[in-house]
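Read left to right, the sequence shown gives residues 49 to 274 (the working numbering).
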Amino acid sequence: MSGKTIIAPSILSADFSNLGDEVETVARAGADWIHLDVMDGHFVPNITFGPPVVKAIRNRTDKVFDCHLMIAPADPYIAAFADAGADIITVHAEAGPHLHRSLQSIRGLGKKAGVSLNPATPESAIEHVLDTLDLVLVMTVNPGFGGQAFISGMLEKIRRVKALVGNRPIDIEVDGGIAPDTAALVAAAGANVLVAGSAVFKGGSETSYRANMEAIRSAADRAVSA
Ligand SMILES: O=C(CO)[C@H](O)[C@H](O)COP(=O)(O)O
Ligand SMILES: [Fe+2]
Numbered sequence: 049m050s051g052k053t054i055i056a057p058s059i060l061s062a063d064f065s066n067l068g069d070e071v072e073t074v075a076r077a078g079a080d081w082i083h084l085d086v087m088d089g090h091f092v093p094n095i096t097f098g099p100p101v102v103k104a105i106r107n108r109t110d111k112v113f114d115c116h117l118m119i120a121p122a123d124p125y126i127a128a129f130a131d132a133g134a135d136i137i138t139v140h141a142e143a144g145p146h147l148h149r150s151l152q153s154i155r156g157l158g159k160k161a162g163v164s165l166n167p168a169t170p171e172s173a174i175e176h177v178l179d180t181l182d183l184v185l186v187m188t189v190n191p192g193f194g195g196q197a198f199i200s201g202m203l204e205k206i207r208r209v210k211a212l213v214g215n216r217p218i219d220i221e222v223d224g225g226i227a228p229d230t231a232a233l234v235a236a237a238g239a240n241v242l243v244a245g246s247a248v249f250k251g252g253s254e255t256s257y258r259a260n261m262e263a264i265r266s267a268a269d270r271a272v273s274a
């Protein structure tokens with residue numbers, strides 16, 4: 049876990065016809081991590097990509113690859129994502145059936161292990177896996193699509209996750225509807241990793257990606273130091 053706000057652009061909002069260049073450009077523009085949304089059309093009502101695409105873009109940047117697996121079951125695919133170049137592998141608490149085992153498998157492959165919580169899932173879902181955890185991802189929209197509106201009721205959950213985590217070295221990440229205004233709210237509530245897709249990739253150029261990320265980062269940093 050690091051001290052300052054980490055910005056993780058979600059490539060869900062990138063130009064998929066030019067994905068390698070988009071990853072390189074957003075990395076050059078100041079991204080801290082690259083957030084990769086994997087969807088299976090079963091756990092969530094949308095389909096994106098799997099390990100071959102992760103592997104194909106792995107050589108375009110050395111930034112941390114933050115893989116958000118919205119798939120059920122996740123266990124049969126964890127090793128493939130690790131081999132493809134994921135640095136952090138996050139599974140959903142709701143994807144089951146054995147969350148603790150999934151986290152052990154991820155760590156056993158030498159990767160950082162994350163758990164994601166859907167908006168309806170209480171923070172108590174992570175209570176008994178805290179010692180096997182590197183990251184908690186609080187969904188601030190229902191997973192499946194970019195460009196959705198931030199659910200403000202999740203601010204209380206972020207505060208509760210922060211209290212539960214205490215001083216353990218666990219990152220608190222948020223995902224969905226993050227833009228400068230909501231970035232300030234989630235950072236004040238305790239999130240230190242901010243995923244943003246549509247708010248980063250709007251504009252379609254390195255200059256706009258840089259300005260978009262700067263606006264999010266400075267809003268979050270201001271809120272934390274206030
Ligand atoms: O996990 C996700 C959707 O399930 C995406 O990471 C998220 O929606 C990012 O998109 P935006 O910032 O546009 O809301
Ligand atoms: Fe995501």
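Even glycine gets a Cβ: it sits at the ideal position worked out from N, Cα and C. From a predicted model like this one, the values you see are computed outputs, not experimental measurements.
Apart from the five residues just before and just after Val163, which ones in its own chain have a Cβ nearer than 8 Å to its Cβ? In the sequence shown, residue 163 corresponds to position 115, counting from 1. So the list reads Thr138, Val139, His140, Ala141, Leu147, Leu151, Ala173, Ile174, Val177, Leu181, Leu183, Val184 and Leu185, once near-sequence residues are dropped.
Any heavy atom of ligand 2 within a distance shorter than 7 Å of the CB on Ser58? The residue labelled residue 58 in the question sits at position 10 within the sequence shown. Taking the Cβ of Ser58 as the reference point, at least one heavy atom of ligand 2 falls within a distance shorter than 7 Å.
Nearer than 7 Å: is that true of the beta carbon of Val243 relative to any heavy atom of ligand 2? Along the sequence shown, one-based indexing puts residue 243 at 195. Yes - ligand 2 has a heavy atom lying nearer than 7 Å to the Cβ of Val243.
Please report how far the alpha carbon of Ala143 lies from the alpha carbon of Glu171, in whole angstroms. One-based indexing of the sequence shown puts residue 143 at position 95. One-based indexing of the sequence shown puts residue 171 at position 123. Those two C-alpha atoms are separated by around 15 Å.
To which residues of the same chain is Pro121 closer than 8 Å at the C-beta, ignoring the five residues directly before and after it? Translated into the one-based positions of the sequence shown, residue 121 becomes position 73. Around Pro121, the same chain offers Ala143, Gly144 and Pro145 as residues with beta carbons nearer than 8 Å, after the five sequence neighbours per side are excluded.
Can you list, in chain order, the residues of its chain with a C-beta nearer than 8 Å to that of Asp88? Leave out the 5 residues immediately preceding and following it. The residue you call residue 88 lines up with position 40 of the sequence shown. Ile95, Met118, Ile119 and Ala120.
In three-state DSSP terms, what is Lys52? As a first step, residue 52 is located in the sequence shown; it is residue number 4 there, counting from the start. Correct three-state label for Lys52: coil.
Take the Cβ of Phe64 as the centre, count every other Cβ of all protein chains shown within 10 Å, and call the residue buried at 16 or more, exposed below. Here the question's residue 64 lines up with position 16 in the sequence shown. With fewer than 16 other Cβ atoms within 10 Å, it is exposed.
Just reading off the beta strand (DSSP E) that His116 is part of, what are its end residues? Within the sequence shown, the letter at position 68 stands for residue 116. Unbroken beta strand (DSSP E) run through His116: Val112 to Met118.
Residue burial classification, His90 (beta-carbon count within 10 angstroms, cutoff 16): Here residue 90 refers to the residue found at position 42 when the sequence shown is read from its first residue. Its Cβ having fewer than 16 others within 10 Å, His90 is exposed.
Proximity to Pro93 [Cα-Cα], best of Asn190, Gly195 and Ala77: Here residue 93 refers to the residue found at position 45 when the sequence shown is read from its first residue. Distance from the Cα of Pro93 is smallest, within the candidate group Asn190, Gly195 and Ala77, for Asn190.
Excluding sequence positions up to five away, which residues of its chain have a Cβ less than 8 Å from the Cβ of Gly251? Taking the first residue of the sequence shown as position 1, residue 251 is located at position 203. Correct list, in chain order: Tyr257, Ala259 and Asn260.
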